[in-house]
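Novice: Okay, handing you the structure first.
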Amino acid sequence: MKQNNTPPPDVVAVKITDDRLGFDLEDGRTVSVPLAFYPTLLLASPQERAHFEICHSSVYWPGLDCDISSECLLRGAKEARKFAQKARRRVQPTAA
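For any residue, its number in the working numbering is found by taking its place in the sequence shown, counting from 1, and adding 114.
Written out as structure tokens, the structure reads:
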């Protein structure tokens with residue numbers, strides 16, 4: 115498959131509802147996926163979800179150590195299993 119050298123579009127706005135994550139892109143498109151694709155965000159509080167930084171084609175939630183690119187949303191990529199498991203442990207700590 116031929117590589118595409120076009121960089122992913124920049125994110126200009128982020129929209130998060132109880133069940134969807136959406137990015138408005140610089141080229142006029144809006145792309146969204148089920149929030150369940152990203153358990154780190156799904157399990158986060160509304161306040162944690164609201165604190166993010168947009169840096170070109172990527173959005174970063176520093177309090178959650180979660181980084182999602184426009185390319186990931188465009189591909190419909192889900193969060194890696196290891197990060198999803200970390201998010202579950204964060205909200206459901208094991209009893210000692």
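Just so it is clear, CB atoms sit at the ideal spot from N, CA and C, and this is done for glycine as well.
1. Among the candidates V126, T120, P121 and P122, whose CA atom is the shortest distance from the CA of F166?
2. Alpha carbon to alpha carbon, how far is F137 from T120? Give it in angstroms, no decimals.
3. By Cβ distance, which residues of its chain are closer than 8 Å to I150, with the 5 residues on each side in sequence left out?
4. For S146, write down the residues that DSSP places opposite it in a beta bridge.
5. Would DSSP call A127 helix, strand or coil?
6. Quick check on E162: does DSSP put it in helix, strand or coil?
Specialist: On the basis of the supplied data:
1. V126
2. 18 Å
3. The question names Ile, but residue 150 in the sequence shown is Ala. Here the set comprises D133 and L156.
4. G136
5. strand
6. helix
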